[in-house]
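A.B. asks: Protein chains in written order, with this note's numbering: chain A, 106 to 770; chain B, 54 to 348.
Ideal placement from N, C-alpha and C gives every residue a C-beta, glycine not left out.
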């Protein structure tokens, strides 16, 4: 006979505001098999958990039902408490009377009635719970980091410094990401290169880090502690081991007029190139689309001049497989472009700003390259169209961001600060120039941030105009900026020499495709979703995968570095054990009735179903049936629902339990 | 030729100051085999004054017209940018607000019909009839004529309501003009306001804004401006001489309705397109470009 304990939580007022918790407790006490029932204000707190533990001991409880929030929130908390009181944790279940009841209803009487029924269902279900042994799986103590920007670099260094092997995969020919493109960084104006490049070198020289640049993730198999990752190493056409990085191939390459993406297409590069002089690794790559050798079969100058013979035109993409136990995703961001967008895209461009056709209307990253000492102008602020020094520069904030009508409603978070920085850099370099900023709000919370923004106005003479810009058009060699000053209530027209747009921060192109390979979730903008916005901000809902940097949402460098170290700490915690405990909520096949149709195998999204041969004592094959690998099974239950002969059961969610719940209604 | 049939809503301007727009609209549609049946007893849409003063009145006037349109089959064809905007706005607002819908039903003492598709003449020409077919109907291509297509503020704005074309970078008018052989110019003020109905209450505002439009078109090298709105036409055409004298400039830019230019290209005799109603005479330009006969 079951002796069930029922614990009703008030959740402060979250539940008790709408549900009469005392009545639920008293009604539950009358239900068959219930030995004890009570309510408490915060069941998840220390006194609440102690209450549960004490009741288990005092009333000799065999099962526990906690009626509170979603099991996603606190199932683990209460199962641990039950375990500490000597109960098998899987004999504790949660009745969700918050998300499924009090939060979604207004009528107290009806909500109370519903809460009583939900508790009743869980009581019937828990009676049929089995004692489940914890499953353990081995942990491969190697981490994969996807993305070699500041987030990936920081995370990789932290994990590697802890003594674990790290594999870092970067899509571009060099690590460094967007931070390597920046000139100086807020709020201290230290040069980005000076704080970034040493970290890049540390990473390349680290004995525990294997670096794959110019590589992409092809496929991800496995599960927490045991991933198999297939990496496509794209053909570089240069042998990484032979190349000494002397750069003579670059000097001699006759194709010199290819827009350099690293310099936002302002500067030019050769067909064989390193994206920037401080690149890591310092090994060039041949851009096959623009290389004369690949286009016409004639040239090969680089091959002729290369001393160590590192140029290899016949190189092909290769696939390598790396076993890892954890994955940190740090794929970063790209900037919104104002050009006309493809049909069907929810994001619209800016026709009123000329759809990107006015040459001296540039984005913030392009301004960074103009201001950077290593940029195409050597750090001089010169406008792209005619190379003249602009004397009137208009900065426009919130371009794309915070505008639902353009398809993006979120704030990009970094633009207020970098625009303030741009006005300072401009003022430092063009003393007789004037910077204007059109802004909606100055969102500058952060350590020393507000002071920095104030400085741009008070000491660096930037003129801030609160209002938005309706139109930009070219008039002679000027750009007419038509805007409004809502503080004064007048229309403003400025004839600018250069216009800099603080365009929205978006996830990298293809972020959704990578998420699908990894099996992690993402929002409608393709930013990756964390498991819990507040309490699990660096973990994905998919176990063993962690997030760092702007791929999860717009972030500045300090936040990115913090999150990267946090993700690294999570990985280290995972690697601190040799075996990993897993919830035993997995599917089991009844061998006697399984006919081996493998419908379950077809529907399993995790590849957990294997084929198992049943043989008699003489070794004759009797039949081939399904077998669920408990290490791989995610407990989703799809196989259970699919099996035509009802031969698969998910522990904790058996047909018998579901039917018992329905009958309790 | 086509089987297109529309319930036609001309609006007050097309029966008064912009009769040439009405005449040329009907001529072009007849020439293309597009049947326009005028909605019986249609009333004023209230234009700008009504919706500035009384939203219920404004919505009710357009709702009444939508109800009257039920008597005539086919999508609703509208030439005037303002009537078009008011009808689309009414459908948009009443489609979203049950409360306002109830008030309007009470006001017009009848059901509100929001399903009818309201189409501007530009969409009818470019999409329903189609540019390919239109190209085949051209008898006198508008070669050598350089046109500044002027949308003004109403045709494409705001973002979600008229849904005629891209709000800030539309191309529909250019596509029609190019289809009938004209050359279009990129220019800066094609979506700026002409001053609209301030023409009566605050003429200096209109003079200033319309001057900027004329100046921009002239600088872009246009021979003329083409419009699809009676109010824009009034401000740019009727006030052009006065603006020239105030700003000491000389534009001499004929302002055509889109239907007048398309009509010329289709070979409709000029005298049937109301060209003589234009204040800035197009005679010299059209003669020069050999689009009309002349000494």
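(1) Is the beta carbon of residue 285 of chain B less than 8 Å from the beta carbon of residue 205 of chain B?
(2) Could you tell me the distance, in whole angstroms, from the CA atom of residue 608 of chain A to the CA atom of residue 293 of chain A?
(3) According to DSSP, which residues form a beta bridge with residue 354 of chain B?
(4) Could you work out which residue in A/500, A/483, A/369 and A/755 is closest to residue 584 of chain A when comparing CA atoms only?
(5) Should residue 576 of chain A go down as buried or exposed, given a rule of 16 or more other Cβ atoms within 10 Å for buried?
(6) For residue 284 of chain A, collect the residues of the same chain with a Cβ closer than 7 Å to its Cβ; drop the 5 residues on either side in sequence, then sort them by chain order.
(7) Any heavy atom of the ligand MN inside 7 Å of the beta-carbon of residue 68 of chain B?
(8) Taking Cβ positions only, does residue 580 of chain A come closer than 8 Å to chain B?
(9) For residue 510 of chain A, go through chain B and note every residue whose CB falls closer than 9 Å to its CB, in chain order.
(10) Any beta carbon of chain B sitting closer than 8 Å to that of residue 527 of chain A?
(11) Give every residue of the same chain whose Cβ lies closer than 6 Å to the Cβ of residue 658 of chain A, excluding the five residues on either side of it in the sequence, and list them in chain order.
(12) On the DSSP letters alone, give me the boundaries of the alpha helix (DSSP H) that residue 260 of chain B sits inside.
(13) Suppose the cutoff is 7 Å on Cβ atoms and the five residues either side in sequence are ignored; what does the same chain contact list for residue 362 of chain A look like?
(14) Within the same chain, show all residues whose beta-carbon is closer than 6 Å to that of residue 341 of chain A, passing over the 5 residues directly before and after it, in chain order.
(15) Chain B partners of residue 457 of chain A, CB-CB under 7 Å?
(16) Using a beta-carbon distance below 8 Å, is residue 536 of chain A in contact with chain B?
(17) Sort A/726, A/348, A/323 and A/333 by Cα distance to residue 339 of chain A and report the nearest one.
(18) Can you list, in chain order, the residues of the stretch 158-171 of chain A whose Cβ is nearer than 9 Å to any Cβ on chain B?
(19) Hey, does residue 532 of chain A have any beta-carbon neighbour from chain B nearer than 8 Å?
(20) Considering only their Cβ atoms, is the gap separating residue 187 of chain A from residue 194 of chain A smaller than 8 Å?
(21) I need the boundaries of the beta strand (DSSP E) containing residue 543 of chain A, first residue and last residue.
(22) Which residue or residues does DSSP assign as beta-bridge partners of residue 183 of chain B?
(23) In chain order, which beta strand (DSSP E) runs of at least 3 residues are fully inside the stretch 629-691 of chain A?
(24) Which one of A/698, A/733 and A/568 has the shortest CA to CA distance from residue 710 of chain A?
(25) What are the start and end residues of the beta strand (DSSP E) that includes residue 317 of chain A?
(26) Check the Cβ of residue 241 of chain B against every Cβ in chain A and list those closer than 9 Å, keeping chain order.
(27) Could you give the first and the last residue of the continuous beta strand (DSSP E) run that contains residue 590 of chain A?
(28) Assuming residue 142 of chain B and residue 171 of chain B make a contact with CB atoms under 8 Å, what is their CB distance in whole Å?
(29) How far does the beta strand (DSSP E) with residue 331 of chain B in it extend, from its first residue to its last?
(30) Whole angstroms are fine: how far does the CA of residue 120 of chain A sit from the CA of residue 207 of chain A?
(31) Under DSSP, the beta strand (DSSP E) around residue 730 of chain A begins and ends at which residues?
(32) At the 8 Å Cβ level, is residue 283 of chain A part of the contact set with chain B, yes or no?
(33) Mind checking residue 229 of chain B: buried by the 16 CB within 10 Å criterion, or exposed?
(34) Note down, in chain order, every chain B residue with its Cβ under 8 Å from the Cβ of residue 460 of chain A.
(35) Using the Cβ count rule (16 or more neighbours within 10 Å means buried), how would you classify residue 87 of chain A?
(36) With DSSP as the reference, please indicate the residues paired to residue 200 of chain A in a beta bridge.
C.D. replies: Reading from the atomic positions:
(1) In this structure, residue 205 of chain B lies closer than 8 Å to residue 285 of chain B by Cβ.
(2) If I take the Cα positions, the gap works out to 23 Å.
(3) No answer is possible for residue 354 of chain B: it lies beyond the span of chain B, which begins at 54 and ends at 348.
(4) For the residues A/500, A/483, A/369 and A/755, the minimum Cα distance to residue 584 of chain A belongs to A/500.
(5) Buried: at least 16 other Cβ atoms inside 10 Å.
(6) Excluding residues within five positions, the ones whose Cβ falls inside 7 Å are 254, 255, 297, 301 and 662.
(7) The ligand content of the structure shown is nil, which means the ligand MN is not present either.
(8) For residue 580 of chain A, the closest Cβ of chain B is nearer than 8 Å.
(9) Going along chain B in sequence order, the residues near residue 510 of chain A (Cβ under 9 Å) are 211, 212, 213 and 220.
(10) So no, residue 527 of chain A is outside the interface.
(11) Shown here for residue 658 of chain A: same chain residues with a beta carbon closer than 6 Å to its own, the five before and five after excluded, namely 632 in chain order.
(12) Element bounds for residue 260 of chain B: 256-272.
(13) Excluding positions up to five away in sequence, the list reads 373.
(14) Contacts found: 319 and 390.
(15) Residues of chain B passing the Cβ test: 221.
(16) By this cut-off, residue 536 of chain A is not an interface position.
(17) If we check each option's Cα against that of residue 339 of chain A, A/323 comes out closest.
(18) Listed in chain order, the positions of the stretch 158-171 of chain A with a beta carbon within less than 9 Å of a beta carbon of chain B would be empty, since no residue qualifies.
(19) Judged by the 8 Å Cβ criterion, residue 532 of chain A is not in contact with chain B.
(20) Note that the C-beta distance between residue 194 of chain A and residue 187 of chain A is below 8 Å.
(21) For residue 543 of chain A, the enclosing beta strand (DSSP E) stretches over residues 539-544.
(22) DSSP lists no bridge partner for residue 183 of chain B.
(23) As far as the stretch 629-691 of chain A is concerned, its whole beta strand (DSSP E) runs of at least 3 residues are 650-652 and 684-687.
(24) Residue 710 of chain A has its Cα closest to that of A/733, out of A/698, A/733 and A/568.
(25) Start and end: 314-317.
(26) Under the 9 Å cutoff, chain A gives 576, 578, 579, 580 and 585.
(27) Run containing residue 590 of chain A: 583-590, per the beta strand (DSSP E) assignment.
(28) Contact flag wrong, Cβ pair sits at about 10 Å.
(29) Counted as a single uninterrupted DSSP element, the stretch harbouring residue 331 of chain B is not any beta strand (DSSP E), since DSSP gives it neither H nor E.
(30) Counting only the Cα atoms, residue 120 of chain A lies some 5 Å from residue 207 of chain A.
(31) Element bounds for residue 730 of chain A: 726-733.
(32) Not one chain B Cβ lies under 8 Å of residue 283 of chain A.
(33) Burial call: buried.
(34) Per Cβ cutoff of 8 Å: 222.
(35) Because chain A spans 106 through 770 in this model, residue 87 of chain A falls outside it and cannot be assessed.
(36) Beta-bridge pairing links residue 200 of chain A to A/172.
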